[in-house]
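Each remark here refers to the structure printed beneath this line.
Residue numbers (the numbering used here): 1417 to 1582.
Next comes the structure, spelled out in structure tokens:
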């Protein structure tokens, strides 16, 4: 196993840990990572991610370049954001959009703190949210793309960490 693969696995574990911590603490939402897959493994490049109903995206720049996205089916977004705000949602509105943006922001910020302790630094952009059934996100073929699927009582969602080599 190359040192790059090991380094990326360690980075991804920090994102997994922070995702579980943020959703548990902020949204009283228990989740578990169930699958980790490198999307462009073995030289197969796939630059489009098919997403659920709502996706929060945040870019990285500086020492590490790339992005983090978290994609939810609507019912899981309602549960996670509703848990944060103490509100029950039945439609994707401004509060749900803002809540998903805040979740991706908190996850990226928490991962940044963990990675800075390991000497890896990067800057965070302002989060954005994309809404629409089966929307797609283009990440670019040059990034190492890792998808982590999570399960919850409400169903499944995923994060994707896209990192470009230094």
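Ideal placement from N, C-alpha and C gives every residue a C-beta, glycine not left out.
Run through the DSSP bridge pairs and tell me what residue i is partnered with.
{"i": "residue 1484", "result": "1474 and 1577"}
{"i": "residue 1536", "result": "Residue 1536 pairs with nothing; no bridge assigned."}
{"i": "residue 1465", "result": "1553"}
{"i": "residue 1545", "result": "1472"}
{"i": "residue 1562", "result": "1454 and 1577"}
{"i": "residue 1449", "result": "1566"}
Run the CB neighbour count on residue i, radius 10 Å, all protein chains shown included, and call it buried at 16 or more, exposed below.
{"i": "residue 1576", "result": "buried"}
{"i": "residue 1515", "result": "buried"}
{"i": "residue 1444", "result": "exposed"}
{"i": "residue 1528", "result": "buried"}
{"i": "residue 1472", "result": "buried"}
To which residues of the same chain is residue i closer than 7 Å at the C-beta, ignoring the five residues directly before and after it?
{"i": "residue 1450", "result": "1565, 1566 and 1567"}
{"i": "residue 1502", "result": "none"}
{"i": "residue 1549", "result": "1469"}
{"i": "residue 1489", "result": "1468, 1469, 1571 and 1573"}
{"i": "residue 1559", "result": "1482, 1578, 1579 and 1580"}
Does the distance from the C-beta atom of residue i to that of residue j stay below 7 Å?
{"i": "residue 1580", "j": "residue 1482", "result": "yes"}
{"i": "residue 1578", "j": "residue 1543", "result": "no"}
{"i": "residue 1425", "j": "residue 1477", "result": "no"}
{"i": "residue 1517", "j": "residue 1545", "result": "yes"}
Might you give, ordered along the chain, the residues of its own chain that have their beta carbon closer than 6 Å to the beta carbon of residue i, omitting 5 neighbours on each side?
{"i": "residue 1497", "result": "1512 and 1515"}
State the CB to CB distance for the pair residue i and residue j, rounded to an integer number of angstroms; the pair is presumed to be in contact (CB under 8 Å).
{"i": "residue 1519", "j": "residue 1430", "result": "Between residue 1430 and residue 1519 the Cβ distance is about 16 Å, and since that is not below 8 Å, they are no contact."}
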